[in-house]
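Visitor:
2 protein chains.
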Amino acid sequence: METCDQTILNAETDTVIDPSTSDHSFNEAERDALYQTIFSRRDVRGQFTSKPIPEDVLSRILTAAHYAPSVGFMQPWNFILIRGEETKQRVHNLFKKAHDEAADMFEGEKRDTYKTLKLEGIMESPLNICITCDKDRTGPVVIGRTHIKAMDLYSTVCAVQNLWLAARAEGVGVGWVSILDQKKLKQTLKLPKRVTPVAYLCLGYVSEFFDKPELQSAGWLPRLPMGDVVNFEEYDKDANDPFATNLFEAMKRDQKNIEDGRYRR
Amino acid sequence: METCDQTILNAETDTVIDPSTSDHSFNEAERDALYQTIFSRRDVRGQFTSKPIPEDVLSRILTAAHYAPSVGFMQPWNFILIRGEETKQRVHNLFKKAHDEAADMFEGEKRDTYKTLKLEGIMESPLNICITCDKDRTGPVVIGRTHIKAMDLYSTVCAVQNLWLAARAEGVGVGWVSILDQKKLKQTLKLPKRVTPVAYLCLGYVSEFFDKPELQSAGWLPRLPMGDVVNFEEYDKDANDPFATNLFEAMKRDQKNIEDGRYRR
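Top line first, the protein sequences correspond to chains B and L.
Take my numbering: the last position of the first sequence gets the number 268, and nothing is skipped along the way.
Take my numbering: the last position of the second sequence gets the number 268, and nothing is skipped along the way.
1. Along the stretch 217-246 of chain L, where does the CB come closer than 7 Å to a CB of chain B? Name the residues.
2. What does the Cβ neighbour count give for residue 181/L, buried or exposed, with the cut at 16 atoms within 10 Å?
3. Would the beta-carbon of residue 74/L fall within 8 Å of that of residue 142/L?
4. Report yes if the CB atom of residue 169/L is closer than 8 Å to the CB atom of residue 64/L, and no otherwise.
5. Hey, is the stretch 89-99 of chain B in contact with the stretch 50-58 of chain B, meaning 3+ C-beta pairs nearer than 8 Å?
6. Find out if the Cβ-Cβ distance for the pair residue 184/L, residue 77/L is shorter than 8 Å.
7. Using a 10 Å radius around the Cβ and a threshold of 16 neighbouring Cβ atoms, would you call residue 124/B buried or exposed?
8. What does a CB cutoff of less than 7 Å around residue 159/L pick up in its chain, not counting 5 residues either side in sequence?
9. Under the assumption that residue 268/L contacts residue 39/L (Cβ atoms under 8 Å), give the Cβ distance between them as a whole number of angstroms.
10. Taking the alpha-carbon positions, what's the residue 237/B to residue 29/L distance?
11. Rounded to whole angstroms, what is the Cα-Cα separation between residue 106/L and residue 187/B?
12. Could you tell me the distance, in whole angstroms, from the CA atom of residue 214/B to the CA atom of residue 166/L?
13. Please report the straight-line C-alpha distance between residue 117/B and residue 103/B, rounded to a whole angstrom.
14. Rounded to whole angstroms, what's the CA-CA distance from residue 113/B to residue 70/B? Just pull it up for me.
15. Using a Cβ-Cβ cut-off of less than 8 Å, list which residues of the stretch 77-89 of chain B approach chain L; keep chain order.
16. Please look up how many angstroms separate the CB atoms of residue 197/L and residue 138/L, rounded, as I've assumed it's under 8 Å.
17. Hey, is residue 135/B's beta-carbon within less than 8 Å of any beta-carbon in chain L?
18. What distance in whole Å lies between the Cβ atoms of residue 34/B and residue 172/L, which are believed to be in contact at a cut-off of 8 Å?
19. What residues in its chain sit with their C-beta under 8 Å from that of residue 67/B, if we drop five residues either side in the sequence?
20. Give a yes or no on whether the minimum CB-CB distance between residue 119/B and chain L is below 8 Å.
21. How long is the line joining the alpha carbons of residue 258/B and residue 151/L, rounded to whole angstroms?
22. Interface residues of chain B around residue 96/L at Cβ under 9 Å?
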C-alpha cells in the first residue's frame, strides 16, 4: 500500500506539495512592498493636508488594524473616529497643558530644543482615531493573559502598528500623540472605567513623508546600529560562531541600505 | 517676483510636484502584498519544521523590527536570539508550570478545552527570540513618555508586530508565548532590573499557515464584526451621516472578502 503522509495534493493545480520543503514565502516584489512600507513609515506631525480620506481607504486601514493578533483572540480594541472640531479642540487643549508640563521636565539645551519640536497634528489632520482596550471584553480569564496582565494592551498596540502600516501604503500619514493626560482623555471621549485609551492618532494625507524620523534628522538621538541590540542566549551577550558573524554582516548591510535611501519613496 | 511655495522641483526628473495633489500611496499590487501579509499572518504553535532560518532572512526580519516607531526615538528594544537546547528547555519548564496554573483558572468545559489547546512551540521551533524593553536606554525623561509611562513598552510591541509581518512574508511562522512567569524569565535570560521582557517568540518555517486563527476555528471565540468596534466621537457611539454609512458598508464588504478567503495564501 502506498502511503502519502508527507505529501498534500493541491486540488487546483494537481501538483504534489511536500510540506517539509514547500515554501510559504512571498515573492521578492511582494516582500519588497512590505519592507518599503515598514521602512518609509513615519510619525507625522506637521505635513497633513485637508484632503479627506475616502470611505473605502479608511475601511481598508481599519480592517488591517482589526486583523491584528490578540491574546486569547479577545479583540479588545475599539476605534473611535473623531471628526468634530469641538472634540479635536478639547483634546488639543489637553495636549497643550501636558506639553507645557513636559517641557519643564527637560533641562537646559534639551528644553529649548523640545519647545521647537512640532509634536502633534490634532487640528490640521482631517481625522483623529483613539484606539482603546476593553480589559473585560471576553470575561475575567483570558488565554495567554493569565500571567502577563498587559497582554491585552499589547494586542491593542499590534492593531495600532497594523493601522500605521496600512495607512502608509495608502499614502495616509499617521502621528501618535502620547503627550496627554489619560484620565482627562477618558472623560473627553466618555470611556467606561474598564477601557484604557492606548493610542491617540492623527490621520490624513500628507504633502510629504520625510526620509528619516524627525528626531533623527534633528540630531536629538541617533539610529542605533543593529549590532547594539541583537544578543545571543542572554541579555547583552555576543556569540562568535559563523551564524552570528554572517548575521551581523547581513544586518550591517541591510541597515546601510536603509540609511542610504534604498527604501525611500 | 515669482513664488514657488506650493511646488517642489524633483531634481531627478525635473518635474514639478504639487504637494497638495501628489499621491504617496503605493500601487495596488504593492498594497495587496501588505494586506496579504497582514491577513494571512498567524500565531503559530504547532506547525514548525526544523529547517534553519538563513542569516540573510533573519537579518531582514530583525531589521524590520528595529525600524518600528519608538517614543522619543529611544529604540528601547533588544532582541535576544535563543538557539541553545538548554535555554529553550528552561523556558519550556517555565511554560509548563504557568500553563498548569492557568488551566486551574478556567471553569468546566472551558478548562477541558483549554487543556487540549497547543499553545507554544518552544522546543520544536529552531529559534526563540525574547524582545525586551530597556526603560533607561536614553535617560529618565523621554519625549512622549512624560504622561504615559508605558509608551516604551508600546514601542517595543510595535517592533514585535513589524517582526511578525516580515516573518510571514518570508514564510517564517511566529508564535507569541505569554504563559510564563515574567520574573523567572528575567532570571533565566539574565535581564537587568530595568529591562522588561515584552515578548517571547518562537520562530521557524512551517508546514502550513492555517486559514484562520486557531481559537476562531476551534469555536473558542468568534471574529467580531467591524461594525461592533468602530465608533464616532465617543466610546460606543454611532453616526448616521453618509460617510459613516458608506464606511460601514465598505468594512462589511472588506471583512466578508477576508473571511471568504480572498487573502488566503
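We put the CB at the ideal spot given by N, CA and C, even for glycine.
Guide: Looking at the atomic coordinates:
1. With the criterion set as a beta carbon lying under 7 Å from some beta carbon of chain B, the members of the stretch 217-246 of chain L are 218, 219, 223, 224, 227, 229, 232, 233, 234, 235, 236, 237, 238 and 246, in sequence order.
2. Numbered from its first residue, the second sequence carries residue 181/L at position 178. Classification of residue 181/L: buried, given that the 10 Å Cβ count is 16 or more.
3. As a position in the second sequence, residue 74/L is number 71, starting the count at 1. As a position in the second sequence, residue 142/L is number 139, starting the count at 1. No. Outside cutoff.
4. Position 166 of the second sequence, counted from the start, is the residue given in the question as residue 169/L. Position 61 of the second sequence, counted from the start, is the residue given in the question as residue 64/L. A contact, by the Cβ cut-off of 8 Å.
5. no
6. Counting from 1 along the second sequence, the entry for residue 184/L is found at position 181. Counting from 1 along the second sequence, the entry for residue 77/L is found at position 74. No, Cβ-Cβ distance for residue 184/L and residue 77/L is not below 8 Å.
7. Taking the first sequence and counting its residues from 1, one reaches residue 124/B at position 121. Answer is buried; the Cβ neighbour count reaches 16.
8. For the purposes of this step, residue 159/L is identified with residue 156 of the second sequence, where counting begins at 1. Answer for residue 159/L: 79, 80, 134, 136 and 201, listed in chain order.
9. Residue numbering aside, residue 268/L sits at position 265 when the second sequence is read from its first letter. Residue numbering aside, residue 39/L sits at position 36 when the second sequence is read from its first letter. Between residue 39/L and residue 268/L the Cβ distance is about 6 Å, and since that is below 8 Å, they are a contact.
10. Within the first sequence, the letter at position 234 stands for residue 237/B. Within the second sequence, the letter at position 26 stands for residue 29/L. Taking the CA atoms as reference points, residue 237/B sits about 40 Å from residue 29/L.
11. For the purposes of this step, residue 106/L is taken as residue 103 along the second sequence, with counting starting at 1. For the purposes of this step, residue 187/B is taken as residue 184 along the first sequence, with counting starting at 1. The straight-line gap from Cα to Cα measures roughly 38 Å.
12. Against the first sequence, residue 214/B aligns to sequence position 211. Against the second sequence, residue 166/L aligns to sequence position 163. Residue 214/B and residue 166/L: Cα-Cα distance of roughly 21 Å.
13. Counting from one through the first sequence, the residue named residue 117/B turns up at place 114. Counting from one through the first sequence, the residue named residue 103/B turns up at place 100. Between residue 117/B and residue 103/B, the C-alpha separation is close to 10 Å.
14. Start at 1 with the first residue of the first sequence, and residue 113/B comes out as number 110. Start at 1 with the first residue of the first sequence, and residue 70/B comes out as number 67. Take the alpha-carbon of residue 113/B and the one of residue 70/B: they are about 40 Å apart.
15. Listed in sequence order: 77, 78, 80, 81, 82, 83, 84, 85, 86 and 87.
16. One-based indexing of the second sequence puts residue 197/L at position 194. One-based indexing of the second sequence puts residue 138/L at position 135. Their Cβ separation, rounded to whole angstroms, is 5 Å, which keeps residue 197/L and residue 138/L in contact under 8 Å.
17. Here the question's residue 135/B lines up with position 132 in the first sequence. Output row for residue 135/B: interface = yes.
18. For this step, residue 172/L is matched to residue 169 along the second sequence. For this step, residue 34/B is matched to residue 31 along the first sequence. That pair is a contact at about 5 Å.
19. Counting from one through the first sequence, the residue named residue 67/B turns up at place 64. If we look at residue 67/B and ignore the five residues flanking it on each side, its Cβ neighbours are 165, 166, 168 and 169.
20. For the purposes of this step, residue 119/B is taken as residue 116 along the first sequence, with counting starting at 1. With 8 Å as the cut-off, residue 119/B does not count as an interface residue toward chain L.
21. Within the first sequence, residue 258/B is the residue found at index 255, counting from 1. Within the second sequence, residue 151/L is the residue found at index 148, counting from 1. For residue 258/B and residue 151/L, the distance between alpha carbons rounds to 30 Å.
22. Here residue 96/L corresponds to residue number 93 of the second sequence, with the count starting at 1. Those within 9 Å of residue 96/L in chain B number zero; the least Cβ separation is about 14 Å.
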